[in-house]
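Count the sequence shown with my numbering and you get residues 96 to 647, in order. A virtual CB, placed ideally from N, CA and C, is assigned to each residue, including glycine. Report on the structure given below.
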Amino acid sequence: MIELVNVSVTYAGATVPAITGADLRIEEGELVLVVGPTGSGKSTLLRCLNGLVPHFSGGTLHGTVRIGGRDTREHRPRDLADLVGFVVQDPLSAFVTDTVEDEIAYGMEALGVGPAAMRRRLEETLDLMGLADLRDRTLRELSGGQQQRVAIGAVLAAGPRILVLDEPTSALDPVAAEEVLGALTRLVHDLGLTVVVAEHRLERVIHHADRVILVEGGRVSALLDPAAAMTHSPVHPPVVELGRRLGWSPLPLSVREARRHARELRVRIGATPPGTHHRPSQQRPLDRAVGQDRAIPQQAVGARLERLTVRRGLVRAVHDVSLTLYVGSVTAVMGRNGAGKSSLLGAIAGQLPASAGRVEVTGEDPTRLAPRHRCRRVGLVPQDPDLLLYADSVAAECRAADSDFGVPEGTTRAILDRIAGPLDIAQHPRDLSEGQRLALALSVILAGRPTVLLLDEPTRGLDYPAKRRLVAILRELAADGQAVVLATHDVELVAEVADRVIVLADGEVVTDGPTRTVLTGSPAFAPQVAKIFHPLALLTVADVVRALEPAS
């Protein structure tokens with residue numbers, strides 16, 4: 096189905112190829128996962144598979160790419176549309192209609208699918224992607240995760256034999272992500288669909304993959320067995336990190352496999368196997384704060400919400416929410432797609448007016464503050480980083496942020512280097528990867544050191560090393576007296592950095608408590624380590640390592 100022979104791609108003005116050495120042959124009915132650090136060339140590799148490179152993205156393509164026997168040099172993306180479906184990182188940029196149903200039908204109309212077949216595929220896709228209740232909704236009114244499901248559904252409904260997806264679960268809640276990946280896996284197994292997917296949240300997808308391609312510094316590996324790939328990959332999920340640290344062989348790729356390895360460890364650390372009852376004296380206490388909740392700092396108030404209600408058109412996005420957010424703390428806001436997380440952050444930032452109730456940030460209504468004063472009190476990094484980026488180079492963005500916030504020259508650049516690593520600062524922000532653009536937008540807001548920092552899906556497009564660097568920065572900001580609030584589906588990030596978790600459903604607060612209590616008590620939001628060591632209240636690999644240290 097897919098054949099690449101000695102493929103390399105070099106963009107105009109670049110001194111090194113974006114990808115090189117790609118020799119691949121992907122058969123029908125395989126799910127292939129593309130893994131690599133942020134900015135390593137994964138998106139370029141995917142864009143070769145439907146002719147976007149070189150026909151749309153430009154650059155020089157060396158070698159040969161054949162898709163279903165068609166050479167992409169001779170066939171433009173429209174000539175491959177019946178064979179290849181492509182889902183981009185930013186779904187909103189690819190929409191061509193206004194409503195969910197119209198968007199899913201559009202691709203079928205373009206390919207000349209008959210009315211009866213179109214209606215059947217439309218209904219099947221709405222059910223498969225969990226979109227039936229949203230069929231008449233306007234696309235721009237949907238949450239980021241809902242938009243992502245529509246983008247996947249629109250491509251899937253057109254009936255391609257090859258499906259190429261770039262970060263398909265980055266904006267999906269854990270349950271929706273598993274449903275989407277489960278549906279794709281069924282299509283691979285039952286209908287012989289070929290799926291190629293690039294994803295940073297490997298904990299969601301690695302156990303579904305038949306084979307793995309590693310991309311690092313533009314070098315493209317051969318097709319690898321998933322376990323062999325994870326043994327050497329610099330980018331790997333917590334379950335693999337745990338297996339590496341503890342020397343497990345074969346290396347587990349799923350929670351189920353890891354639980355088999357961890358049976359004896361759970362007993363050693365203090366878990367009670369099902370059907371048995373140990374006396375307390377027989378169980379090892381989880382001392383040194385392992386398995387204990389981090390205290391939620393309650394110092395000065397950063398923001399206060401009193402019976403807040405926010406409407407977005409006819410939709411009641413937030414309803415009767417009362418919260419106090421303290422400086423010195425990191426709070427995670429979680430919930431399914433469309434639960435009201437982004438609307439809550441928008442109201443705190445003063446970008447969405449309250450329909451009822453009120454919001455105060457450091458004692459003031461943010462909607463009544465001039466923008467130059469508001470940005471010192473509250474800063475919001477939205478899901479779409481392009482909303483904050485307007486200069487023609489990375490360097491110019493950094494200089495503008497330093498000037499706007501009156502901070503020493505080089506402050507924004509230093510933050511960017513910490514999050515994303517070295518970048519070519521002469522690049523236009525549009526030429527960066529999704530993760531790199533997000534890191535740049537984060538750096539711009541962080542440079543202003545607002546008292547209340549709001550981050551909407553801050554790890555979308557970031558690899559695990561970049562997330563670890565972000566965690567360190569957020570901990571420093573909280574320790575330095577800022578109130579940090581994350582709206583995220585990334586349970587692994589929450590396990591590492593948050594003191595408190597608030598769960599929303601239909602715009603209302605349904606859970607509010609310490610991170611360890613909330614995450615370990617939720618099948619939907621538990622991180623991998625918590626699932627492996629259930630019923631122990633362990634969240635991270637570091638928790639496990641500390642629990643196994645000999646008592647001093």
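Exposed or buried, which one is residue i when buried takes at least 16 other CB atoms within 10 Å?
i	result
Gln394	exposed
Gly312	exposed
Gly458	exposed
Asp594	buried
Lys584	In the sequence as displayed, the identity of residue 584 is His instead of Lys. That one is buried.
Ala38	Residue 38 lies beyond the range of the chain shown here (96 to 647); nothing can be said about it.
Val605	exposed
His327	exposed
His303	buried
Ser344	exposed
Val250	buried
Glu529	buried
Tyr485	exposed
Glu219	exposed
Thr159	exposed
Pro368	Note that Pro368 scores a pLDDT of 41, beneath 50, so its modelled location is shaky; the value from the coordinates is reported in the next line. Pro368 should be labelled exposed.
Val456	buried
Leu482	exposed
Ser417	exposed
Leu400	buried
Arg216	buried
Tell me, please, which residues DSSP counts as bridged to residue i.
i	result
Arg165	Ile162
Arg411	Arg406
Leu541	Paired residues: none, contrary to the question.
Glu311	Arg314
Asp174	Per DSSP, none; premise fails for Asp174.
Asp551	Ala582
Val100	Thr159
Ile114	Val104
Val596	Ala427 and Gly608
Thr289	Ile257
Thr649	The displayed coordinates of the chain run from 96 to 647. Any statement about residue 649 would go beyond what the structure contains.
State the CB to CB distance for the pair residue i and residue j, rounded to an integer number of angstroms; the pair is presumed to be in contact (CB under 8 Å).
i	j	result
Leu518	Val489	6 Å
Glu298	Glu587	7 Å
Arg555	Gln478	7 Å
Leu346	Ala322	5 Å
Ala449	Thr404	7 Å
Thr546	Ala578	7 Å
Met213	Ala200	6 Å
Ala542	Ile514	Contact flag wrong, Cβ pair sits at about 12 Å.
Glu262	Arg161	Their Cβ separation, rounded to whole angstroms, is 25 Å, which puts Glu262 and Arg161 out of contact at 8 Å.
Val130	Leu309	6 Å
Helix, strand or coil: which one does DSSP assign to residue i?
i	result
Thr220	helix
Met213	helix
Asn145	helix
Met203	helix
Leu483	helix
Val275	helix
Ile257	strand
Pro345	coil
Glu644	coil
Arg232	coil
Val422	coil
Arg431	coil
Arg281	helix
Glu455	strand
Pro368	With a pLDDT of 41 at Pro368, under the threshold of 50, the predicted position of this residue should be treated as unreliable, and no value is reported.
Thr635	coil
Glu123	coil
Phe500	helix
Ser438	helix
Val179	strand
Ala515	helix
Gly338	helix
Ser188	helix
Gly136	coil
Leu565	helix
Quiz item: When the Cβ atoms of the region 274–287 are set against those of the region 202–211, are three or more pairs found closer than 8 Å?
Solution: No, the region 274–287 does not touch the region 202–211.
Practice problem: Tell me, please, whether the region 573–586 touches the region 492–507 by the rule of three or more beta-carbon pairs shorter than 8 Å. | Solution: By the C-beta criterion, the region 573–586 is judged not to be in contact with the region 492–507, since fewer than 3 inter-stretch pairs fall below 8 Å.
Quiz item: Are the region 138–155 and the region 323–334 in contact at 8 Å, needing three or more beta carbon pairs?
Solution: Pairwise C-beta distances place the region 138–155 out of contact with the region 323–334, as fewer than three of them are shorter than 8 Å.
Quiz item: On the three-pair Cβ rule with 8 Å, is the region 250–260 touching the region 99–106?
Solution: Touching, no, given that fewer than three Cβ pairs across the two stretches are closer than 8 Å.
Quiz item: Should the region 506–520 be called in touch with the region 480–495, which here means at least 3 C-beta pairs below 8 Å?
Solution: Yes, the region 506–520 touches the region 480–495.
Exercise. Decide yes or no for the touch test of the region 239–248 against the region 120–128: beta carbon pairs closer than 8 Å, at least 3 of them.
Key: Contact fails: fewer than three Cβ-Cβ distances are below 8 Å.
Practice problem: Determine contact between the region 127–136 and the region 160–177, defined as no fewer than three beta-carbon pairs at a distance below 8 Å. | Solution: Because the criterion of three Cβ pairs below 8 Å is not met, the region 127–136 and the region 160–177 do not touch.
Quiz item: Between the region 262–269 and the region 430–443, are three or more C-beta pairs nearer than 8 Å?
Solution: Flag = yes, the region 262–269 and the region 430–443 touch.
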